[in-house]
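Written out below as structure tokens is the structure these notes cover.
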Amino acid sequence: MKKICKSLIVIFTVSWLTAPAYASDPCASVLCLYGKAVGQGGGSECRSAEKDFFNILKKKKGSIRWSKTFDARKAFLNQCSTADPAAISKIMSKFGRVRG
113 MKKICKSLIV
123 IFTVSWLTAP
133 AYASDPCASV
143 LCLYGKAVGQ
153 GGGSECRSAE
163 KDFFNILKKK
173 KGSIRWSKTF
183 DARKAFLNQC
193 STADPAAISK
203 IMSKFGRVRG
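Residue numbers (our numbering): 113 to 212.
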């Protein structure tokens, strides 16, 4: 009985302490934002991918620093190794310095 209780406590503790990691997918953002940049929106499926991109804001004393935001957004999109650099360039020229 003690073994069962101990193992249940361990399982509960491990499952409680390990939060699921919902990493944003830069490739999904590239795909959705490129579609948006060329005039073909991705619909509701792209909301979270677009949000991941537009939530990247670099601030200093409450003001958005657009050049640092641009660089951070570009670095995020460049994490997608299969993305075409021309597509990333088009996305950044259209959405790199705007608030979503």
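Built from N, CA and C at the ideal position, the CB exists for glycine as well.
Owing to the predicted nature of the structure, the values given are computational and were not obtained by experimental measurement.
If you draw a straight line from the Cα of residue 155 to the Cα of residue 161, it is about 11 Å long.
Burial state of residue 142 is buried, judged by a 10 Å Cβ sphere holding 16 or more other Cβ atoms. The continuous stretches of alpha helix (DSSP H) do not include residue 170, and DSSP gives it neither H nor E. Straight across, the Cα-Cα distance linking residue 169 with residue 176 is about 7 Å.
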